[in-house]
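Visitor: Submitted below is the structure of interest, expressed as structure tokens.
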Amino acid sequence: MNQEFYVKLRNKLVDVGEQHFNMAHQGLLNLIIDADVILDLNISSGLVFTEKEWDGLAVTFDNLIIYTKNHFHEEEDFLRQNNYPYTDQHQLEHQAIIEKLNVNQRYILQGDEAGLMDIRIWLLEWLFNHVNTMDYAYAQYFLKNKK
Numbered sequence: 246m247n248q249e250f251y252v253k254l255r256n257k258l259v260d261v262g263e264q265h266f267n268m269a270h271q272g273l274l275n276l277i278i279d280a281d282v283i284l285d286l287n288i289s290s291g292l293v294f295t296e297k298e299w300d301g302l303a304v305t306f307d308n309l310i311i312y313t314k315n316h317f318h319e320e321e322d323f324l325r326q327n328n329y330p331y332t333d334q335h336q337l338e339h340q341a342i343i344e345k346l347n348v349n350q351r352y353i354l355q356g357d358e359a360g361l362m363d364i365r366i367w368l369l370e371w372l373f374n375h376v377n378t379m380d381y382a383y384a385q386y387f388l389k390n391k392k
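The opening position of the sequence shown corresponds to residue 246 in my numbering, with each subsequent residue numbered one higher.
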């Protein structure tokens, strides 16, 4: 994919009312774009991944998982501290995302090329679906209830 597409992606994340989390969402997107660049080069060209590319993708995924876990922990603490009534549901969604990231990471570590396109699609879908739906819901709740 090209830079223009990535710029458009950056503009599609909604404002969740907390600058720290908006920046974290951009950080998540940057890591997903890093993974997507590696995936795009091989999927679109039909080339077999080299060991170096698998290693690069594995490192990028490691960083994505660590960053995501840290962000989710901070977000859950914030939601609990501000008595968000749907914190438990939000936390369950976070757990499901982490589980899926771990499954995808195992595919990458095993060098399983069959699932790469699914991983690529899922990465963008989960971020935008989660931020623009689940996180946007807490933003609207706090806006309405003036935390």
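For glycine and all other residues, C-beta sits at the position ideal for the given N, C-alpha and C.
Keep in mind the model is a prediction, meaning the values are calculated, not measured.
Report the residue ranges of all beta strand (DSSP E) runs contained in full by the segment 282-326; include only those spanning at least 3 residues, in chain order.
Guide: Complete beta strand (DSSP E) runs here, min 3: none at all.
Visitor: Provide the residue span of the alpha helix (DSSP H) that contains T332, from first to last.
Guide: 332-354
Visitor: According to DSSP, is K253 part of a helix, a strand, or is it coil?
Guide: helix
Visitor: Pull up the CB-CB distance for L276 and T305, whole angstroms please, since I reckon it's below 8 Å.
Guide: 7 Å
Visitor: Assuming contact is defined by CB atoms lying nearer than 8 Å, are M379 and E338 in contact in what I supplied?
Guide: yes
Visitor: Pull up the CB-CB distance for L284 and R365, whole angstroms please, since I reckon it's below 8 Å.
Guide: 5 Å
Visitor: Alpha carbons only, please: which of H270, E249, F250, N328 is nearest the one belonging to V259?
Guide: H270
Visitor: Is the segment 381-390 close to the segment 321-330, with three or more CB pairs under 8 Å?
Guide: yes
Visitor: Checking 8 Å against the spacing of the C-beta atoms, do V252 and V376 come in under that value?
Guide: no
Visitor: Taking the alpha carbon of Q334 as the point to measure from, which residue in N308, F317, N247 has its own alpha carbon closest?
Guide: F317
Visitor: Would you identify the three-state DSSP class for L258, choosing helix, strand or coil?
Guide: coil
Visitor: Residue range of the alpha helix (DSSP H) that A384 falls in?
Guide: 381-390
Visitor: Could you check whether L309 and A280 sit closer than 8 Å to each other, using their CB atoms as the reference points?
Guide: yes
Visitor: Using the rule of at least 16 other Cβ atoms within 10 Å of the residue's Cβ for burial, across every protein chain shown, is I278 buried or exposed?
Guide: buried
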